[in-house]
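Notes follow once the structure below has been shown.
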Amino acid sequence: MSSSEDIKLQEKLNKKFNVIYATGAGYKLLVVALGLASACVSSKGSTFRWDTGAPHGLLSAQGGGVIIFQKICQLAERGIDVENLKELQIRYHKSNDNVTQHNLQWCNEGGLVAYQDPSVLSTILECL
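The working numbering puts the first residue of the sequence shown at 1, with every later residue one more than the last.
Okay, structure coming up:
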């Protein structure tokens, strides 16, 4: 997790996880793909799809993935389980709609959650 992440989110995740801070979106996702971290959580759209595309492929091949943080927050609010993860995955073939700045066209709008094991998402939902 980035040290610039919202302090309330850090506190929530610290209830069930040992939160570690690192830089570089690609590095953080690779650490998850290697099994050295349970998940990578970012609530901000500060990463871009070129940062997450290759690690997302590695995670998908292992049964994991990269989903949009705001969508998992909506699941937490509605109490819906995470059965159908394919619909929540970040998509790479379509740019963001209604962006005010051209450079935000391919950002991971809504943040992200990268995971290797889908069961970790239930624990993240409990924290949120």
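Every residue, glycine too, gets a C-beta built ideally from N, C-alpha and C. Predicted model only: the values in this text are computed from it and were never measured.
Exercise for review: Over the uninterrupted beta strand (DSSP E) stretch that includes residue 122, give me the two end residues.
Suggested key: Element bounds for residue 122: not the beta strand (DSSP E) but the alpha helix (DSSP H), 119-127.
Practice item. Say whether the region 11-24 touches the region 57-71, bearing in mind that this needs 3 or more beta-carbon pairs closer than 8 angstroms, one atom from each stretch. Key: With a cut-off of 8 angstroms on Cβ pairs, the region 11-24 is not in contact with the region 57-71, counting fewer than three such pairs.
Check your understanding: Using 8 angstroms as the threshold, is the region 1-21 in touch with the region 91-103, meaning 3 or more CB pairs across them?
Key -> no
Check your understanding: DSSP three-state call for residue 70: helix, strand or coil?
Key -> helix
Exercise for review: Output yes or no for whether 7 angstroms exceeds the beta carbon distance between residue 103 and residue 47.
Suggested key: no
Exercise for review: Can you tell me the Cβ-Cβ gap for residue 90 and residue 52, rounded? I've got them flagged as a contact below 8 angstroms.
Suggested key: 6 angstroms
Exercise for review: Identify which residue in 127, 119, 49, 117 has its Cα closest to the Cα of residue 111.
Suggested key: Nearest to residue 111 by alpha-carbon distance, out of 127, 119, 49, 117, is 49.
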